[in-house]
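Under my numbering, the first residue of the sequence shown carries the number 1, and numbering increases by one thereafter.
We treat Cβ as the ideally placed atom computed from N, Cα and C, and that holds for glycine.
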Amino acid sequence: MTTTHFGFTKVPLEEKVHRVTEVFDSVANRYDIMNDLMSGGIHRLWKHFTIQLSGVQPGQTVLDLAGGTGDLAAKFTKIVGSQGQVILADINASMLKVGRERLLNKGVLVDFAQANAESLPFADNSFDLITIAFGLRNVTNKEAALASMLRVLKPGGRLLILEFSELKITPLKPLYDIYSFKVLPFLGKLIVKDDDSYRYLAESIRMHPNQESLLEMMKTVGFEQCDYHNLSGGIVAVHRGYKL
């Protein structure tokens with residue numbers, strides 16, 4: 001039986017998608033509140049940096065994968081304008097529903113797609129930019145997802161991955177571990193009545209490839225001119241790669 005990691009737990013390969021779905025079904029309605037609490041609002045700065053790094057232009061086509069409640073999609077819509085297109089995609093129907101309602105309430109019009117990053121339902125060479133923010137670590141087969149993203153990018157297009165990574169400030173690691181494994185589950189229990197999902201969050205961060213490992217994965221599937229930027233001491237990193 002083929003297994004994979006769900007946090008620190010090994011589970012059958014086909015079971016991970018179901019378990020991740022349960023996590024996001026549980027937290028969808030309080031997702032934004034928890035993001036602000038967990039990061040002290042700094043996640044907004046991380047996303048702003050990602051948008052600035054994207055170099056997206058008016059009239060371009062953007063795919064925001066694992067788009068959640070639509071933070072990035074809303075910003076990209078303003079940049080690409082009426083001649084461009086933004087698609088907010090997520091594998092989780094609950095997250096997609098929350099994102100759709102949130103954006104419609106703001107008067108932001110984007111397209112939506114329920115899609116698995118490992119097998120994107122889009123034509124080859126469709127997008128100028130793909131972003132995936134805090135979603136890649138939940139993907140079972142990351143290499144397949146990266147290859148799928150490469151396929152649907154236009155030549156000259158770029159991928160940006162905003163994701164939790166490896167803290168590089170060694171003296172802070174004990175404090176970060178306490179925060180991750182004690183404070184986050186406590187906040188989850190307090191706000192969404194679900195400490196297990198936020199315990200999984202902490203574990204999934206530790207199991208995700210670190211900066212250099214993810215960079216090599218991108219190069220292996222065919223991305224070129226790859227680099228990354230550490231944010232907040234490496235708690236988060238933005239990886240960038242091009243289809244040339």
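With respect to the 7 Å criterion, residue 160 and residue 235 are not classified as neighbours on the basis of their beta carbons. Secondary structure at residue 40: coil, using DSSP grouped into helix, strand and coil. Beta-bridge partners assigned by DSSP to residue 12: 3. Under the DSSP assignment, residue 185 falls outside any beta strand (DSSP E), being part of the alpha helix (DSSP H) whose first and last residues are 184-192.
Under the three-state reduction of DSSP, residue 234 is assigned to helix. Residue 122 counts as buried, since at least 16 other C-beta atoms from the protein chains shown sit within 10 angstroms of its C-beta.
Between residue 70 and residue 41, the C-beta gap is not smaller than 7 Å, which leaves the two residues out of contact. Cβ contact annotation for residue 221 (same chain, cutoff 7 Å, sequence separation greater than five): 143, 146, 147 and 150, in chain order.
Between the segment 55-67 and the segment 204-217 there are fewer than three C-beta pairs closer than 8 Å, too few to call the two in contact.
The closest CA to that of residue 192, considering only 38, 107 and 56, is found on 38. In the same chain as residue 231, and ignoring 5 residues on each side of it, the C-beta atoms closer than 7 Å to its own belong to 46, 49, 237 and 238, in chain order.
DSSP places residue 77 within a helical segment (H, G or I) once states are collapsed to three. For residue 64, the enclosing beta strand (DSSP E) has its first and last residue at 61-65. Residue 153 counts as buried, since at least 16 other C-beta atoms from the protein chains shown sit within 10 angstroms of its C-beta. The Cβ atoms of residue 80 and residue 60 sit closer than 7 Å to each other. If the five residues before and after residue 173 are omitted, its C-beta is found closer than 7 Å to the C-beta atoms of 167, all from its own chain and listed in chain order.
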